[in-house]
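Q: Read in order, the letters of the sequence shown are residues 1 to 323 in UniProt numbering.
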Amino acid sequence: MTKIYIAGHRGMVGGAILRQLEARQAQGAALELINRTHAELDLTDQAAVRDFMQAEKPDVVILAAAKVGGIHANNTYPAEFIYENLMIEANVIHQAFAAGVTKLLQLGSSCIYPKAAPQPMAEDTLLTGPLEPTNEPYAIAKIAGIKLCESYNRQHGVDYRSVMPTNLYGPGDNFHPQNSHVLPALIRRFHEATRDGLEEVTIWGTGTPRREFLHVDDMAEASLFVLDLPKAEYDANTDPMLSHINVGSGSDISILELAQLVAQVTGFAGRITTDPSKPDGTMRKLMDISRLKAMGWQARIGLEDGIDETYRWFLENHDTART
Numbered sequence: 001m002t003k004i005y006i007a008g009h010r011g012m013v014g015g016a017i018l019r020q021l022e023a024r025q026a027q028g029a030a031l032e033l034i035n036r037t038h039a040e041l042d043l044t045d046q047a048a049v050r051d052f053m054q055a056e057k058p059d060v061v062i063l064a065a066a067k068v069g070g071i072h073a074n075n076t077y078p079a080e081f082i083y084e085n086l087m088i089e090a091n092v093i094h095q096a097f098a099a100g101v102t103k104l105l106q107l108g109s110s111c112i113y114p115k116a117a118p119q120p121m122a123e124d125t126l127l128t129g130p131l132e133p134t135n136e137p138y139a140i141a142k143i144a145g146i147k148l149c150e151s152y153n154r155q156h157g158v159d160y161r162s163v164m165p166t167n168l169y170g171p172g173d174n175f176h177p178q179n180s181h182v183l184p185a186l187i188r189r190f191h192e193a194t195r196d197g198l199e200e201v202t203i204w205g206t207g208t209p210r211r212e213f214l215h216v217d218d219m220a221e222a223s224l225f226v227l228d229l230p231k232a233e234y235d236a237n238t239d240p241m242l243s244h245i246n247v248g249s250g251s252d253i254s255i256l257e258l259a260q261l262v263a264q265v266t267g268f269a270g271r272i273t274t275d276p277s278k279p280d281g282t283m284r285k286l287m288d289i290s291r292l293k294a295m296g297w298q299a300r301i302g303l304e305d306g307i308d309e310t311y312r313w314f315l316e317n318h319d320t321a322r323t
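#1: Does the beta-carbon of A185 have 16 or more other beta-carbons within 10 angstroms, so that it is buried, or is it exposed?
#2: Enumerated in chain order, which unbroken segments of the alpha helix (DSSP H) with a length of 4 residues or greater are wholly contained in the segment 283-318?
#3: Nearest by alpha-carbon distance to V262: which of W313, F190, A39 and I82 is it?
#4: Going by Cα to Cα distance, which pick from N74, C149 and A220 is closest to V101?
#5: Using the Cα positions of M12 and H156, report the straight-line distance between them to the nearest angstrom.
#6: Comparing C-alpha positions only, which one of V247, Q25 and Y138 sits nearest to T76?
#7: Using a Cβ-Cβ cut-off of 7 Å (strictly less than) and excluding sequence neighbours within five positions of T134, which residues of its own chain qualify?
#8: Mind pulling the alpha helix (DSSP H) runs of 4 or more residues that sit fully within the segment 22-83?
#9: Less than 9 Å between the C-beta atoms of R50 and A98, yes or no?
#10: So, helix, strand or coil for S151, using DSSP?
#11: What number of angstroms, rounded off, separates the C-alpha of L303 from the C-alpha of R312?
#12: Given a cut-off of 9 Å on the beta-carbon distance, is the pair I301 and D217 in contact?
#13: Identify every residue that forms a DSSP beta bridge with V227.
#14: Along the chain, where does the alpha helix (DSSP H) containing A185 start, and where does it finish?
#15: Decide if A236 is buried, meaning its Cβ has at least 16 other Cβ atoms within 10 Å, or exposed.
#16: State the Cα-Cα distance for the pair M241 and K147, rounded to the nearest angstrom.
#17: Looking at the secondary structure, which residues open and close the beta strand (DSSP E) in which Q106 lies?
#18: Among the residues of its own chain, which have a CB less than 7 Å from the CB of P78, if the five just before and after it don't count?
#19: Going by other Cβ atoms of all chains shown within 10 Å of its Cβ, with 16 needed for buried, is Q106 buried or exposed?
#20: Using 9 Å as the threshold, is the C-beta distance between A90 and Q46 below it?
#21: In whole angstroms, give me the CA-to-CA distance for L168 and R188.
#22: With a threshold of 16 other CB atoms inside 10 Å of the CB of G306, please say whether the residue is buried or exposed.
#23: What is the rounded straight-line gap between the Cα of residue 366 and the Cα of A48?
#24: Check the Cβ-Cβ distances between N174 and every residue of chain C, and say whether any is below 9 Å.
#25: Among L63, E84, M164 and K103, whose alpha-carbon lies nearest the alpha-carbon of residue 324?
#26: Does the segment 256-272 touch the segment 197-205, meaning 3 or more C-beta pairs lie closer than 8 Å?
#27: Could you tell me if E22 is buried or exposed, where buried requires 16 or more neighbouring beta carbons within 10 angstroms of its beta carbon?
#28: Strictly by DSSP, which residues pair up with M241?
#29: According to DSSP, simplified to helix, strand and coil, what is G207?
#30: State the start and end residues of the unbroken alpha helix (DSSP H) segment that holds L127.
#31: Can you name, in chain order, every residue of its own chain whose Cβ lies under 7 Å from the Cβ of Y113, other than the five neighbours on each side?
#32: Looking at the secondary structure, which residues open and close the alpha helix (DSSP H) in which A117 lies?
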């Protein structure tokens, strides 16, 4: 029996990973899945995390818990984003090690790469230039998570791995009007514009930045794929101090094109205008996924199908979609 602790199981990514592990259980896999809500376990509390890890002694830890948000949230609460994410990573990774956990997977973000990184962004561009200012505190915390894993691997011989997803979306996303990421924010805005019969929707920025999107079910599948890789194979495709793996779809789309696609899915037939006075953020953030592709994994869910499914989920769960 393998005992797996999923930190952040109520989040979008953690929830998707949990669903896939439960499916493995249903197919007969000998797994015991451990979860705690934030009310039951505050991951920023070192003593609480220590006591939990010592009591449960998991075999595997999946660290999908994080404080996340879009441009507005990152700009407004930088201290919270860097502090909470640093504390979560430091507590979970160190206390997992102290409890004898030898296998761990932590999830990061594509914002770890420099603002001016060559496109597509390969793993080896990490720490080669300045970060995007709007989310630098969050990015610094996620880089620290990678280096924590690598440092424990080097010093203690454990097997702690990191995956860096591109922009994720799907069931369980945050659709809050101020604190959500771009795709769920657009889904909500176009839904409300269609519902209210509006003739125009204005999107932030110039609409020209390009973004890559990955469905959360694909991300969950990729995470477990990387976790399951034999150590020799993982080590053969990474370097000890450059061990993280990009996860993406391999293609991107402009924000204006994305808005047009969301308008189509939600049935909005009015005008779409841009507001250049609002920040664009990084102009392009396409991940180089050749490392993961060479290992044998690639995304399955197309963007239009994924948005359609996500919109249906939003309609069915509107009251609970962190609105």
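Cβ atoms here follow ideal geometry from the backbone N, Cα and C, with glycine treated the same way.
A: With the structure as the only source:
#1: Your numbering for residue 185 matches position 185 in the sequence shown. Around the Cβ of A185, a 10 Å sphere holds 16 or more other Cβ atoms; the residue is buried.
#2: Given a length threshold of 4 residues, each whole run of the alpha helix (DSSP H) inside the segment 283-318 is given here in chain order: 290-295 and 303-316.
#3: To locate residue 262, count along the sequence shown from 1; it is residue 262. Considering only alpha carbons, the answer is F190.
#4: Locating residue 101 in the sequence shown gives position 101, counting from the first residue. Selection N74, C149 and A220 evaluated against V101 yields C149 as nearest (Cα-Cα).
#5: As a working mapping, residue 12 is identified with position 12 in the sequence shown. As a working mapping, residue 156 is identified with position 156 in the sequence shown. Spanning the two alpha carbons is a distance of roughly 32 Å.
#6: As a first step, residue 76 is located in the sequence shown; it is residue number 76 there, counting from the start. Nearest to T76 by alpha-carbon distance, out of V247, Q25 and Y138, is Y138.
#7: To locate residue 134, count along the sequence shown from 1; it is residue 134. Excluding residues within five positions, the ones whose Cβ falls inside 7 Å are I71, N74, N75, P279 and G281.
#8: Secondary structure within the segment 22-83: the alpha helix (DSSP H) runs of 4 or more consecutive residues, fully enclosed, are 46-56 and 71-76 (chain order).
#9: Start at 1 with the first residue of the sequence shown, and residue 50 comes out as number 50. Start at 1 with the first residue of the sequence shown, and residue 98 comes out as number 98. A98 sits close to R50, with the two beta carbons spaced by under 9 Å.
#10: In the sequence shown, residue 151 corresponds to position 151, counting from 1. Helix at S151.
#11: Walking along the sequence shown from the start, residue 303 turns up at place 303. Walking along the sequence shown from the start, residue 312 turns up at place 312. Between L303 and R312, the C-alpha separation is close to 14 Å.
#12: As a working mapping, residue 301 is identified with position 301 in the sequence shown. As a working mapping, residue 217 is identified with position 217 in the sequence shown. Against a cut-off of 9 Å, the Cβ pair of D217 and I301 comes out as a contact.
#13: Along the sequence shown, one-based indexing puts residue 227 at 227. The sequence shown places Leu at residue 227, not Val. Per DSSP, none; premise fails for L227.
#14: Position 185 of the sequence shown, counted from the first residue, corresponds to residue 185. Where A185 is concerned, the enclosing alpha helix (DSSP H) starts and stops at V182 to D196.
#15: The sequence position of residue 236 within the sequence shown is 236, counting from 1. The residue in question, A236, is exposed, as its Cβ has fewer than 16 Cβ neighbours within 10 Å.
#16: Reading the sequence shown from its first residue, position 241 is the one you call residue 241. Reading the sequence shown from its first residue, position 147 is the one you call residue 147. Approximately 7 Å between the Cα atoms of the pair.
#17: Residue numbering aside, residue 106 sits at position 106 when the sequence shown is read from its first letter. That run of the beta strand (DSSP E) goes K103 to L107.
#18: Mapped onto the sequence shown, residue 78 falls at position 78. Result list for P78: P137, in chain order.
#19: In the sequence shown, the residue the question calls residue 106 occupies position 106. Q106 should be labelled buried.
#20: Translated into the one-based positions of the sequence shown, residue 90 becomes position 90. Translated into the one-based positions of the sequence shown, residue 46 becomes position 46. Closer than 9 Å, so yes.
#21: The count along the sequence shown starts at 1 and reaches residue 168 at position 168. The count along the sequence shown starts at 1 and reaches residue 188 at position 188. The straight-line gap from Cα to Cα measures roughly 16 Å.
#22: The residue given as residue 306 occupies position 306 in the sequence shown. Residue environment for G306: buried (at least 16 other C-beta atoms within 10 angstroms of its C-beta).
#23: There is no way to answer for residue 366, as the model of the chain reaches only from 1 to 323.
#24: Here chain C cannot be found, since the structure has a single protein chain.
#25: No answer is possible for residue 324: it lies beyond the span of the chain, which begins at 1 and ends at 323.
#26: Yes: the two stretches touch, three or more of their Cβ pairs being nearer than 8 Å.
#27: Here the question's residue 22 lines up with position 22 in the sequence shown. By the neighbour-count rule (16 or more Cβ atoms within 10 Å), E22 is not buried but exposed.
#28: Against the sequence shown, residue 241 aligns to sequence position 241. In the DSSP output, where bridge partners are listed per residue, M241 has none listed.
#29: Here residue 207 refers to the residue found at position 207 when the sequence shown is read from its first residue. Secondary structure of G207 (DSSP, three-state): coil.
#30: Mapped onto the sequence shown, residue 127 falls at position 127. Unbroken run through L127: none, as it is neither H nor E.
#31: To locate residue 113, count along the sequence shown from 1; it is residue 113. Contacts found: M121, T125 and L126.
#32: The residue given as residue 117 occupies position 117 in the sequence shown. Per DSSP, A117 is not a residue of any alpha helix (DSSP H), being assigned neither H nor E.
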